[in-house]
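Asks: Quick note on numbering: the sequence shown equals residues 1 to 158 in full-length UniProt numbering. Following this message is one structure expressed as structure tokens.
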Amino acid sequence: MITLIAAHDHNRAIGRDGDIPWHIPQDLALFKRETLGGAIIMGRKTWDSLPFKPLKDRLNIVVSRDMSLNEHVVTSVEAAIALAYAEGYFRIYGIGGQGIYEEMLPLADRLLLTQVDTTVTGADTWFPHKGQGWTELGRNNLTDGTPSAIAYEMIKRR
1 MITLIAAHDH
11 NRAIGRDGDI
21 PWHIPQDLAL
31 FKRETLGGAI
41 IMGRKTWDSL
51 PFKPLKDRLN
61 IVVSRDMSLN
71 EHVVTSVEAA
81 IALAYAEGYF
91 RIYGIGGQGI
101 YEEMLPLADR
111 LLLTQVDTTV
121 TGADTWFPHK
131 GQGWTELGRN
141 NLTDGTPSAI
151 AYEMIKRR
């Protein structure tokens, strides 16, 4: 199953100046709990923004032309997904940035999106429009951060 996991503001902004413009501990815990034991696919800028590399207990795959970044670097999303399957992973997550989300959205079976109750000034990275065909399965209020947020789980009917 391919899942995209992201947090975005009211305008779908996900980043500013190479960083996430909010801190919501419950959302970070959700991300960790969900992705542990899975394969995570990210672009180079997302890799560069990680405070600790690689993220533990997950197969970290970076899509980049710079093959020196990580043990698992590939040049396309398709190659990243193929590598995850070849390594025996069947829970695959796109974790950003914008280009990875845009390329993986048509391939995704599931979205885990956190709607952050803010509008980011100066945002430079966005989550794409998800389009139609997604059904909301549930939501959870995240109240331990500033600003507050709502986490949604959606699944696409095929």
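All residues carry an ideal CB built from backbone N, CA and C; glycine is no exception.
Going by other Cβ atoms of all chains shown within 10 Å of its Cβ, with 16 needed for buried, is Gly122 buried or exposed?
Replies: By the neighbour-count rule (16 or more Cβ atoms within 10 Å), Gly122 is not buried but exposed.
Asks: Return helix, strand or coil for Leu28, following the three-state DSSP convention.
Replies: Helix, per DSSP.
Asks: Quickly, what does DSSP pair Ala86 with across the bridge? List them, please.
Replies: Ala86 is not bridged to any residue.
Asks: So, using beta-carbon positions, are Thr114 and His8 closer together than 9 Å?
Replies: Taking 9 Å as the Cβ cut-off, Thr114 and His8 qualify as a contacting pair.
Asks: Kindly provide the ranges of any beta strand (DSSP E) runs that are 3 or more residues long and lie completely inside the segment 10 to 65, ordered along the chain.
Replies: Runs found: 13 to 15, 39 to 43 and 59 to 63.
Asks: Determine the extent of the beta strand (DSSP E) in which Gly97 is found, giving its start and end residues.
Replies: From DSSP, Gly97 is part of no beta strand (DSSP E); its letter is neither H nor E.
Asks: Here's the rule I'm using: 16 or more other beta-carbon atoms within 10 Å means buried, otherwise exposed. How should Leu36 be labelled?
Replies: With fewer than 16 other Cβ atoms within 10 Å, it is exposed.
Asks: Check whether the Cβ atoms of Val77 and Ile100 sit closer than 9 Å, and answer yes or no.
Replies: A contact, by the Cβ cut-off of 9 Å.
Asks: With 16 as the cutoff for other CB atoms within 10 Å, does Leu107 come out buried or exposed?
Replies: Exposed, because fewer than 16 other Cβ atoms sit within 10 Å of the Cβ of Leu107.
Asks: Rounding to the nearest angstrom, what Cα-Cα distance links Gly138 and Ala151 in this structure?
Replies: Those two C-alpha atoms are separated by around 8 Å.
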